[in-house]
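Each remark here refers to the structure printed beneath this line.
Protein chains: 2
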Amino acid sequence: MENKTTIHDIAKALKIDASTVSRALNNSPRVSQKTKERIMAKANELGYQRNLLASNLRKNVTNTIGVIVPRISRHFFSSVISGIEETAYDAGYNVIICQSLEQLKRERKLVETLLANRVEGVLLSVSMETDEFDHLLHMKNNGTPFLFFDRHCEIEGISSVLIDDFQGGFDATEHLILNGCKNIGHFSGPQELAIYRNRTAGYRKALEKHKIPYRPELVVRSSLMENDGAEGAKTLLSLPYKVDGLFSANDIAAIGAMKYFKNEGVKVPDDIAIVGFSNEPVSGIIDPSLTTMDQPGFQIGQIATKLLLEEISNAPNANPILAKTKILKSSLIERDSSRKCN
Amino acid sequence: MENKTTIHDIAKALKIDASTVSRALNNSPRVSQKTKERIMAKANELGYQRNLLASNLRKNVTNTIGVIVPRISRHFFSSVISGIEETAYDAGYNVIICQSLEQLKRERKLVETLLANRVEGVLLSVSMETDEFDHLLHMKNNGTPFLFFDRHCEIEGISSVLIDDFQGGFDATEHLILNGCKNIGHFSGPQELAIYRNRTAGYRKALEKHKIPYRPELVVRSSLMENDGAEGAKTLLSLPYKVDGLFSANDIAAIGAMKYFKNEGVKVPDDIAIVGFSNEPVSGIIDPSLTTMDQPGFQIGQIATKLLLEEISNAPNANPILAKTKILKSSLIERDSSRKCN
DNA sequence: CATCAAAATACAATCGATTGTATTTGTGAA
DNA sequence: TTCACAAATACAATCGATTGTATTTTGATG
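Listed in order, the protein sequences are those of chains A and B. For the first sequence, UniProt numbering begins at 1 and goes up steadily by one. For the second sequence, UniProt numbering begins at 1 and goes up steadily by one.
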């Protein structure tokens, strides 16, 4: 790396002290206007740029928060990130975005890296593999504020911003029931994640309300990738009775299933009505368009960031931390995949 | 922020010098095994974590590269990012991901932030608005290695990893011609970006080769968002003659057009055959599936990162920099939207 | 037991910026 | 002109880790 110019270079060139240069660059009232101008001019001339490593080290702040999501390419997460960035930038914070790729090992490493870089807080949506919390507890003991969004863990004193997945699962399933479905399959995800447990609970609650017996063989668990959806569809078709509805805990698996059904000559929605979850952009484009639960990603990002920034500014007080949990509603977007023409 | 433990805390607790602690933590042979063990134990006990700000400041390295893309949610960019991360992590580098959201102002700010954080290099795909290069020249003068991928600017001495957009545009257009299209519309993007100029040039070349006259009114320029595609489709339908083919410089606009055509009762591919560009995941799912040009995003990320890391390790030599330009082929993925049944 | 090289550890400067305190300079009033 | 006081600037310590050099300790050998 080249030798970047420092405040000492500027100081030497102008035969003044580095502290004066520093104050001038920070527009301190302790430096005269005339000197400030000379310093600014010289700084520009030399292409000076503040070294944030040094500055942050000295000031013991970084104005940076870290974000860990499973995958940035998922529409829901990238809209959350947009909400985070907007709120953070408005508050003068930088954002470091990381993806765990659904791997616990990577998540652990990312947490270490963020802490070592002294981010002031972390927003986290855990990976599907995350069934141990040592890295999160470490962060907590370390005193770095963090909070969960969407996918959370039960850790005392840690806040979360969540979707009401129970309600979402309930609404999705009830929608199918009200459309006349009797035998409703369900794709669920890794049971480590509360979001999937809750969506499944909502599914069961809706069945119960409408006095439809719960049948375990109708629930297929997987990682909810596209081919998991195809596998799940195959499983449902192999049952000795006809499955006429499907609530998938995400859109991707629902689409995998739709493709499989199409290949097999099973008509959606007439033979089987489908509701997904997340409202991926593709869901409005696929044919038939996929009914799904929309999650307010951007808003989640905004709220989570606001909460985190509050915790950051409260942190030095070492208050008895009150974990707050904000729960946002997801809303049904009714499209063609669930419209039985009866 | 809490008081994190430092090497001095460990040193004091063990009544030894901080330099010994530092060496122990870095596994230097100058510290005895016994002392190393005592230090490690104490470090764990106190929850020590190296302060990378201090470490990097002293060592004058950061082992970090920055990446600026227009949008992380675009499939092409997120696959490039995966390639970048893989290669960078293997080489012991961290990656900071940023999105410009297609705004020059944000791009400028991100460059400043990355430089201030002393990243050792930057990978950049410029925004659609980028028609001034002062921030990039600043980075160059500053001595921070960087290179372009996909979307580049002509700056002397700066390398690029690109797609052969001319060839891509040519292949896409010729494919339509070979399928019998005579009047081929074209959606192009902002002319500041070479990728769009080149795709258009490929389009014209293919017409020329097949002795089809070029008609300016068939070329619609926009930002290539989905509604731009719909607008473009409307424009094409308003022409006094029938347009029977469309090459869109991205998939998003192509899909916007497809939806518009569907609404208007124009059949794809029979009335109009369509080829997009980028192979967004949705393109394989939409009905009819969209023929498109696939770009090897992951590979671009790998190659760009390798090149950048080379430049980083060569930087101190201040060689006469030889800009390298790697050009990768994009490949036609033939799907239903271009299959005329004749 | 003395000696000496090797091993282990301590000392001190440094990275670049910030900031509390001390000193110098400048201005107006007496 | 002199004094007091404010404004402007300089000095020096500091953030936490690293690293070249100096010093102490260890242990092997004669």
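Even for Gly, the Cβ is constructed at its ideal location relative to N, Cα and C.
Pairs of beta-carbons, one from the segment 173 to 187 of chain B and one from the segment 148 to 156 of chain B, closer than 8 Å: are there three or more? no
Short of 8 Å in beta carbon distance, which residues of its chain neighbour B/L101, apart from the five on each side in sequence? Order them along the chain. P70, R71 and S127
Is A/H210 buried or exposed, if buried means 16 or more other CB atoms sit within 10 Å of its CB? exposed
Just how far apart, CA to CA, sit B/L52 and B/S330? 41 Å
Determine, using beta carbons only, whether A/G169 and A/N141 come nearer to each other than 8 Å. no
Any beta-carbon of chain A closer than 8 Å to the one on B/S73? yes
According to DSSP, what are the bridge partners of B/L246? B/G185 and B/I274
Spell out whether any CB of chain A is found under 8 Å from the CB atom of residue 343 of chain B. In the structure as shown, chain B starts at 1 and stops at 342, and residue 343 of chain B therefore has no counterpart that could be examined.
Please say whether A/L162 and A/F146 have beta carbons closer to each other than 8 Å? no
Using beta carbons (cut-off 8 Å, strictly below), is A/R50 in contact with chain B? yes
So, with DSSP's three-state summary, where would you put B/L101? coil
Within-8 Å CB hit, B/D287 to chain A: yes
Cβ-based neighbour list, residue 357 of chain B, same chain, cut-off 7 Å, excluding 5 preceding and 5 following: Not covered by the structure: residue 357 of chain B. The range shown for chain B is 1 to 342.
Under three-state DSSP, which class holds B/F149? strand
At the level of alpha carbons, what is the spacing between A/M1 and B/N60? Because A/M1 sits at a pLDDT of 39, beneath the cut-off of 50, its placement in the model cannot be relied upon, and the point is left open.
Within 10 angstroms of its Cβ, does A/Q33 collect 16 or more other Cβ (buried), or is it exposed? exposed
Classification of B/P213 by the beta-carbon crowding that lies within 10 angstroms, buried from 16 upward: exposed
Can you give me the C-alpha to C-alpha distance between A/A230 and B/S313, rounded to a whole angstrom? 47 Å
Whole angstroms is fine: what's the gap from B/I155's alpha carbon to B/L137's? 8 Å
Residue from B/P29, B/N27 and B/I39 with nearest C-alpha to B/D17: B/I39
Counting only beta-carbon separations shorter than 8 Å, does A/P70 have a partner in chain B? no
What span of residues does the alpha helix (DSSP H) with A/R58 cover, start to end? L52 to K59
Apart from the five residues on each side of it in sequence, which residues of its chain come closer than 6 Å, Cβ to Cβ, to B/F166? N198, A201 and G202
Identify the contact partners of A/A116 in chain B, using a Cβ-Cβ distance below 8 Å as the criterion. Q49, R50, N51 and L52
For the beta strand (DSSP E) containing B/D131, list its first residue and its last residue. That residue, B/D131, is in no beta strand (DSSP E); it is neither H nor E in DSSP.
Count the other CB atoms within 10 Å of the CB of B/Y241; is the residue buried (16 or more) or exposed (fewer)? exposed
Going by beta carbon distance, what residues of the same chain come within less than 8 Å of B/V31, once the five residues before and after it are set aside? T20, R23, A24 and I39
Is the separation between the beta-carbon of B/V282 and that of A/I285 shorter than 8 Å? yes
Please classify A/T325: is it buried, with 16 or more other beta-carbons within 10 angstroms of its beta-carbon, or exposed? exposed
May I have the straight-line CA-CA distance separating A/I68 from A/C98, to the nearest angstrom? 5 Å
Pair every Cβ in the segment 79 to 89 of chain A with every Cβ in the segment 105 to 113 of chain A, then say whether three or more of these pairs are closer than 8 Å. no
8 Å Cβ cutoff met for A/S278 and A/N250: yes
Please identify the residue among B/F77, B/H186 and B/E217 whose C-alpha is closest to the C-alpha of B/L224. B/H186
Pick out whichever of B/K234, B/E310 and B/L328 has its Cα sitting closest to the Cα of B/I195. B/L328
Could you tell me which chain B residues have their CB closer than 9 Å to the CB of A/I81, listed as they occur along the chain? I72, S73 and Q99
For A/S222, the nearest candidate out of A/F76, A/E192, A/G83 and A/I84 (CA to CA): A/E192
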